[in-house]
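Down below is the structure, laid out as structure tokens.
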Amino acid sequence: MIKKLRTERDNQQWMLDLALNMRGRVQNFERDDAEVPAGKRARNYRMYPKIWREAGERHERLAKLAQERGAHSSATYHFDHAIEAYRMAQHPIYFDDHPVKTYLYGKLTEMVDLRTKSAPYPIERVEVEFDDGKTISCLLHLLPDRRRAPVVIYVPGMDQTKEVFPKAYHNIGIERGFHVLAMDGPGQGNSNIQKIRAVGDNYERAGAAVISYLKTRPEIDGDKIAIYGISMGSYWSLRLSSYDHRAAVVVSSVACFNPNNTIFTVSSPRFKQMFMYMAGYDDEERFDEEVAKGMTVRGHLDKIKCPTLLVTGEFDPLCPLEEAVEAFEDLKVPKEMWVFENQYHPLWSISNLGGMDCHDYVFDWLQGFFNGTNQPTTEGKVAYIKEHGDGPWCDNEWEPTVGRGQAYF
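In numbering that gives the first Met the number 0, the protein residues as written are 0 to 408.
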């Protein structure tokens, strides 16, 4: 009997294997850097969890040895890398209750807990009550003195979990005076383990529950809550902000504003394979009708009440520029949009920012927003940030060359 494929595009698995073998990537093929550990090579997708597990084991050994000697800075660095490696190892296994996934996720959890003993500031596990006795699992990175201060809620991307950002060895939020809470929304990380699915308004409700929790914490200035979403989190953060109006500002970055347009159809097949698992579906036709069809920010952006920053690459295949322009126009609040010349998905280590990540400049923008040095206007500004230019703070205002529905080339 011929095996029934989960999705129609699963018959392209050989192409993903070839891409991983030759380019070291199974997605975001525009980037030149590999998404496998340094010095490693995966010749097909099935090797992916193994080579990342081996990288995690090496950093785990280094971290534990450093921690035993009291070398806490080095230990934190290696725990950060062990966490990332085990996260990458467990993620590609998109089957409920798979024993290898369960083991690897357990190692990820262990590394997070060990890191708290060496990190230079407090990191707390937070479990926010959700449906049917389940919880939304979060990591709360607190300023060392636990003073009352603004907080940034980090909404991870589809292939991320709460452990991916910020790094404890170099926490860009702490450096700028922010507490940071990273959440495993429905379909991500611990929510996968609990079978909290990425369907309907689950992410919006989960985010609202997290905001309610933060407002109970004495360290958090409840009037200065920011939401920062990247990649699929760019979609979820906008939908959350249209649903719950208690955040002071939202940043939607590494754009994927209408996932039902490109990410499930013309981009890497891995995206749909993964998201069907996150949503708890095996039937592609049902998934398309019941989940993907409604995954858009269209019809929601005019409900957002807080100032908004959109950040995208000029040629991001997961968000054609005309979709970003449309989203910007639909916002009825003080707003700003950054378009990075010649950039794709994601926006890490880019020449437009002198080799820095968009995270760094987004947190600078948020810092300026809360201290009053930069305030977007309702008319809005679109900044075209040149590939080898002077970043977002120079004279870079731009009139997009396309309008609604017009293809950008």
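Virtual Cβ for every residue (Gly too), placed ideally from N, Cα, C.
Between the alpha carbons of residue i and residue j, how many angstroms are there, rounded?
{"i": "Gln342", "j": "Gln405", "result": "20 Å"}
{"i": "Arg403", "j": "Ser233", "result": "20 Å"}
{"i": "Leu317", "j": "Asp158", "result": "14 Å"}
{"i": "Gly293", "j": "Leu346", "result": "26 Å"}
{"i": "Met14", "j": "Lys385", "result": "33 Å"}
{"i": "Arg145", "j": "Ser72", "result": "20 Å"}
{"i": "Lys223", "j": "Asp16", "result": "45 Å"}
{"i": "Lys302", "j": "Ile229", "result": "20 Å"}
{"i": "Gln11", "j": "Pro268", "result": "7 Å"}
{"i": "Thr115", "j": "Thr75", "result": "8 Å"}
{"i": "Gln66", "j": "His77", "result": "10 Å"}
{"i": "Arg285", "j": "Ile92", "result": "22 Å"}
{"i": "Trp364", "j": "Val248", "result": "11 Å"}
{"i": "Gly186", "j": "His97", "result": "16 Å"}
{"i": "Trp235", "j": "Val154", "result": "7 Å"}
{"i": "Tyr360", "j": "Ser348", "result": "12 Å"}
{"i": "Asn201", "j": "Asn351", "result": "35 Å"}
{"i": "Arg5", "j": "Asp79", "result": "34 Å"}
{"i": "Phe327", "j": "Pro375", "result": "13 Å"}
{"i": "Ile262", "j": "Cys255", "result": "8 Å"}
{"i": "Ala382", "j": "Met21", "result": "36 Å"}
{"i": "Asn373", "j": "Val296", "result": "26 Å"}
{"i": "Gly279", "j": "Gly184", "result": "14 Å"}
{"i": "Lys106", "j": "Phe94", "result": "18 Å"}
{"i": "Tyr44", "j": "Phe28", "result": "15 Å"}
{"i": "Tyr212", "j": "Gln366", "result": "23 Å"}
{"i": "Leu139", "j": "Pro258", "result": "28 Å"}
{"i": "Ala148", "j": "Val324", "result": "33 Å"}
{"i": "Leu180", "j": "Ser117", "result": "19 Å"}
Does residue i come out as helix, strand or coil in the three-state DSSP assignment?
{"i": "Cys255", "result": "coil"}
{"i": "Trp397", "result": "coil"}
{"i": "Ser136", "result": "strand"}
{"i": "Thr372", "result": "coil"}
{"i": "Trp364", "result": "helix"}
{"i": "Trp392", "result": "helix"}
{"i": "Glu162", "result": "coil"}
{"i": "Leu320", "result": "helix"}
{"i": "Trp347", "result": "coil"}
{"i": "Asn189", "result": "helix"}
{"i": "Thr75", "result": "helix"}
{"i": "Glu83", "result": "helix"}
{"i": "Tyr168", "result": "coil"}
{"i": "Val358", "result": "Contrary to the premise, residue 358 reads as His rather than Val in this sequence. Correct three-state label for His358: helix."}
{"i": "Glu34", "result": "coil"}
{"i": "Asp315", "result": "coil"}
Per DSSP, residue i forms a beta bridge with which residues?
{"i": "Glu218", "result": "Paired residue(s): none; Glu218 is not in a bridge."}
{"i": "Val381", "result": "Met336"}
{"i": "Tyr227", "result": "Tyr153 and Val250"}
So, are the CB atoms of residue i and residue j less than 8 Å apart?
{"i": "Leu113", "j": "Arg52", "result": "no"}
{"i": "Lys100", "j": "Cys137", "result": "no"}
{"i": "Gly143", "j": "Tyr168", "result": "In the sequence on display, residue 143 carries Pro and not Gly. Not closer than 8 Å, so no."}
{"i": "Ile192", "j": "Phe129", "result": "no"}
{"i": "Gly219", "j": "His178", "result": "It should be pointed out that residue 219 corresponds to Ile in this sequence rather than to Gly. Contact: yes."}
{"i": "Glu335", "j": "Lys380", "result": "yes"}
{"i": "Lys214", "j": "Gly221", "result": "yes"}
{"i": "Val209", "j": "Met182", "result": "yes"}
{"i": "Leu308", "j": "Leu330", "result": "no"}
{"i": "Glu313", "j": "Val338", "result": "yes"}
{"i": "Glu203", "j": "Tyr227", "result": "no"}
{"i": "Thr377", "j": "Val332", "result": "yes"}
{"i": "Val163", "j": "Glu59", "result": "no"}
{"i": "Gln272", "j": "Asp9", "result": "yes"}
{"i": "Ala62", "j": "Ile50", "result": "no"}
State the start and end residues of the unbroken beta strand (DSSP E) segment that holds residue i.
{"i": "Ile152", "result": "Ala148 to Val154"}
{"i": "Met182", "result": "His178 to Met182"}
{"i": "Trp337", "result": "Lys334 to Phe339"}
{"i": "Lys106", "result": "No beta strand (DSSP E) contains Lys106, which is instead part of the alpha helix (DSSP H) from Pro98 to Arg114."}
{"i": "Val125", "result": "Ile122 to Glu128"}
{"i": "Thr311", "result": "Thr307 to Gly312"}
Go to residue i, then tell me how far its alpha helix (DSSP H) extends in each direction, as first and last residue.
{"i": "Ala62", "result": "Tyr47 to Glu67"}
{"i": "Gly206", "result": "Asn201 to Leu213"}
{"i": "Leu294", "result": "Just to set this straight, residue 294 is Met in the shown sequence, not Leu. Neither: Met294 is in no alpha helix (DSSP H) and is coded neither H nor E."}
{"i": "Glu386", "result": "It is not in any alpha helix (DSSP H) - Glu386 carries neither H nor E in the DSSP assignment."}
{"i": "Pro268", "result": "Pro268 to Ala278"}
{"i": "Asp287", "result": "Glu283 to Glu289"}
{"i": "Asn20", "result": "Gln12 to Arg22"}
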